[in-house]
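J.: Listed in order, the protein sequences are those of chains A and B. No gaps in the numbering here: position 62 of the first sequence is 320 in my numbering, and each next residue is one more. No gaps in the numbering here: position 90 of the second sequence is 348 in my numbering, and each next residue is one more. Where a beta carbon is used, it is the ideal one built from N, C-alpha and C, also for glycine.
Number of protein chains: 2
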Amino acid sequence: MASVENTQEVDQLVRAKESAFLEFIQSKGLKTTRQRSTIVQVFFRMRGHISVEELLREVKLVNPKIGYATVYRTLHLLVASGLVEERRFGDGLARYEGRSEVEHHDHMICLECGQIFEFFNPRLEALQEKLAEENNFKIYRHRLELYGICKDVESCQHKKEMAARKAHKATGG
Amino acid sequence: MASVENTQEVDQLVRAKESAFLEFIQSKGLKTTRQRSTIVQVFFRMRGHISVEELLREVKLVNPKIGYATVYRTLHLLVASGLVEERRFGDGLARYEGRSEVEHHDHMICLECGQIFEFFNPRLEALQEKLAEENNFKIYRHRLELYGICKDVESCQHKKEMAARKAHKATGG
DNA sequence: ATAATTATGATAACGATTATCGCATTTAAA
DNA sequence: TTTAAATGCGATAATCGTTATCATAATTAT
């Protein structure tokens with residue numbers, strides 16, 4: 259679900275993000291540690307909407323001694339630095355996003371296979387602003403999520419897994 | 259935050275919702291109990307986006323023996339029946355909505371006072387549908403939340419409480 | 001190098017929600 | 001209206017994601 263890549267482009271991006279993070283860390287008088295560096299590098303090599311567990315799994319491949327707490331703490335720092343956004347899609351766990359194609363975007367979430375698509379539309383943004391203004395409301399941030407079935411419905415990788423999980427959960431209702 | 263009312267109109271609405279719930283309960287072969295009846299009546303007398311704790315508090319005024327578990331269970335049944343919607347606004351707890359002015363609506367959430375406003379705009383809905391279709395995505399449901407500052411910013415009731423809470427939480431950051 | 005500060009890792013604590021289980025209540029049938 | 005089977009209840013233990021704690025380790029400025 260969250261793959262790791264290795265290309266020159268990615269290396270460059272990771273270096274840029276890492277130095278931006280270093281700058282943040284130093285500006286706050288915090289310390290630069292091996293663990294933080296590892297976590298940041300691994301995080302920005304991953305694609306998608308990454309959960310703590312997914313990240314920890316990848317991090318442990320590099321340094322198995324790094325634990326939950328440090329991953330949580332570093333993710334909080336990444337969010338505080340503005341390099342990463344925290345999202346919650348209602349499955350009860352936080353997901354983190356640091357490599358979007360577009361700066362701001364909304365989400366379409368497939369209920370069948372769990373895939374998450376990003377999209378952006380300026381008319382949508384403008385309309386929201388207009389509606390807010392009409393109500394004397396000043397928007398700081400917003401969240402739009404469309405839940406449904408994605409175009410790959412026939413080839414959804416996790417279709418059967420999800421169905422099995424549903425059937426399991428439904429036991430007793 | 260979630261007040262209880264007592265008017266003839268409300269009585270009528272509560273009766274209608276309750277009978278709809280009974281219908282659902284019976285169609286599923288479940289049992290009609292005093293507790294469920296109490297919880298449903300109390301719930302539909304309340305306004306706003308109600309948390310489990312808020313509901314339990316009100317329920318206990320009618321029947322103090324009713325516990326957490328039954329309130330949770332009944333809320334799940336209400337959601338399953340389609341009479342109630344579950345919402346999560348990112349403060350970590352579920353809120354339930356059973357008496358909206360409009361059938362579907364989106365939300366503006368004031369970060370200062372915590373007030374939640376509902377709104378609906380057909381152009382917004384249409385635009386979402388259009389964008390989904392362009393991506394071959396079929397929307398089942400969606401969620402749009404605008405977070406910001408509301409028009410009552412000067413008179414926000416909970417302004418100070420929130421500020422105090424923030425200050426408390428910020429200890430250690 | 002040293003001292004002060006901050007971070008780490010293991011795990012306990014937390015808060016919301018869910019599961020468990022013995023007992024009570026409801027329902028359908030007799 | 002009793003009876004028997006099924007379902008629901010209340011109290012609370014368990015769970016899950018996340019946060020706090022604390023002794024030890026690493027980093028930084030001197």
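Check each candidate in Met-366(B), Phe-377(B), Pro-380(B) and Leu-336(B) and name the one with the smallest Cα separation from Val-310(B).
T.: Leu-336(B)
J.: Please tell me whether Val-317(B) and Ile-297(B) are closer than 8 Å, where the distance is taken between their beta carbons.
T.: yes
J.: In its own chain, which residues sit with a C-beta less than 6 Å from the C-beta of Leu-333(A), not counting the 5 before and 5 after it?
T.: Cβ neighbours of Leu-333(A) beyond the five flanking positions: Tyr-354.
J.: Per DSSP, what kind of secondary structure is Asp-364(A) in: helix, strand or coil?
T.: In the structure shown, Asp-364(A) sits in a strand (DSSP, three-state: E or B).
J.: Verify the CB distance criterion: does Ile-283(B) have a CB-CB separation below 8 Å to chain A?
T.: no
J.: Could you tell me if Glu-359(A) is buried or exposed, where buried requires 16 or more neighbouring beta carbons within 10 angstroms of its beta carbon?
T.: For Glu-359(A), the pLDDT reaches just 49, beneath the cut-off of 50, and the residue's location in the model is therefore unreliable, although a value from the coordinates is still provided. Glu-359(A) is exposed by the Cβ-count criterion.
J.: Counting only the same chain and skipping the five closest in sequence on each side, list residues whose C-beta sits under 8 Å from that of Arg-346(B).
T.: Ala-352 and Arg-353
J.: If distances are taken between C-alpha atoms only, which option among Gln-293(A), Ala-338(A) and Gly-340(A) comes closest to Ala-327(A)?
T.: Gln-293(A)
J.: For the 8 Å Cβ check, are there 3 or more pairs between the stretch 319–326 of chain A and the stretch 367–383 of chain A?
T.: no
J.: Put Leu-369(B) into one of helix, strand or coil per three-state DSSP.
T.: coil
J.: Mind checking which residues open and close the alpha helix (DSSP H) that includes Phe-282(B)?
T.: 266–285
J.: Does the beta carbon of Gly-406(A) come closer than 8 Å to any beta carbon on chain B?
T.: yes
J.: Under 8 Å, CB to CB, which of the residues in the stretch 371–383 of chain B have a partner in chain A?
T.: Phe-375, Phe-377, Asn-379, Arg-381 and Leu-382
J.: Which residue or residues does DSSP assign as beta-bridge partners of Tyr-354(A)?
T.: Ile-308(A) and Glu-344(A)
J.: Quick check on DSSP: helix, strand or coil for Phe-301(A)?
T.: If DSSP states are grouped into helix, strand and coil, Phe-301(A) belongs with the helices.
J.: Assuming Lys-275(B) contacts Leu-382(B) (C-beta within less than 8 Å), just tell me the rounded distance between them.
T.: No, Lys-275(B) and Leu-382(B) are not in contact; Cβ-Cβ is about 28 Å, not under 8 Å.
J.: Under a CB-based cut-off of 8 Å, is Asn-264(A) close to chain B?
T.: Judged by the 8 Å Cβ criterion, Asn-264(A) is not in contact with chain B.
J.: Taking the DSSP output, what are the residues bridged to Lys-396(B)?
T.: Ile-407(A)
J.: Between which two residues does the alpha helix (DSSP H) carrying Thr-291(B) extend?
T.: Element bounds for Thr-291(B): n/a, residue is neither H nor E.
J.: Taking 8 Å as the CB-CB limit, is Leu-271(A) close to chain B?
T.: no
J.: Considering only their Cβ atoms, is the gap separating Leu-280(B) from Phe-302(B) smaller than 8 Å?
T.: no
J.: Contact check, Leu-404(B) vs Ile-397(A) under 8 Å by CB: the rounded distance?
T.: 5 Å
J.: According to DSSP, which residues form a beta bridge with Arg-401(A)?
T.: Glu-403(B)
J.: Could you check the C-alpha separation between Gln-284(A) and Tyr-330(B) for me, to the nearest Å?
T.: A straight-line Cα-Cα distance of about 47 Å links Gln-284(A) and Tyr-330(B).
J.: Chain A beta carbons: is any one of them nearer than 8 Å to that of Glu-267(B)?
T.: no
J.: From this set, Leu-314(B), Ser-339(B), Arg-401(B) and Phe-395(B), which residue's C-alpha is nearest Gly-348(A)'s C-alpha?
T.: Arg-401(B)
J.: Arg-305(B) and Arg-357(B) - do their beta-carbons sit closer together than 8 Å?
T.: yes
J.: Which value, in whole angstroms, describes the spacing of the CA atoms of Gly-287(B) and Ala-278(B)?
T.: Distance between the alpha carbons of Gly-287(B) and Ala-278(B): 14 Å.
J.: Given that a residue counts as buried once 16 or more other Cβ atoms are within 10 Å of its Cβ, and exposed if not, what is Gln-266(A)?
T.: exposed
J.: Taking the C-alpha atoms as reference points, what is the distance between Ile-308(B) and Asn-394(A)?
T.: 25 Å
J.: Could you tell me whether the Cβ of Phe-432(B) comes closer than 8 Å to any Cβ of chain A?
T.: In the structure as shown, chain B starts at 259 and stops at 431, and residue 432(B) therefore has no counterpart that could be examined.
J.: Please go through the same chain and pick out, in chain order, the residues whose beta-carbon is closer than 7 Å to the beta-carbon of Glu-344(A), but skip the five residues on each side of it.
T.: Val-337, Ala-352 and Tyr-354
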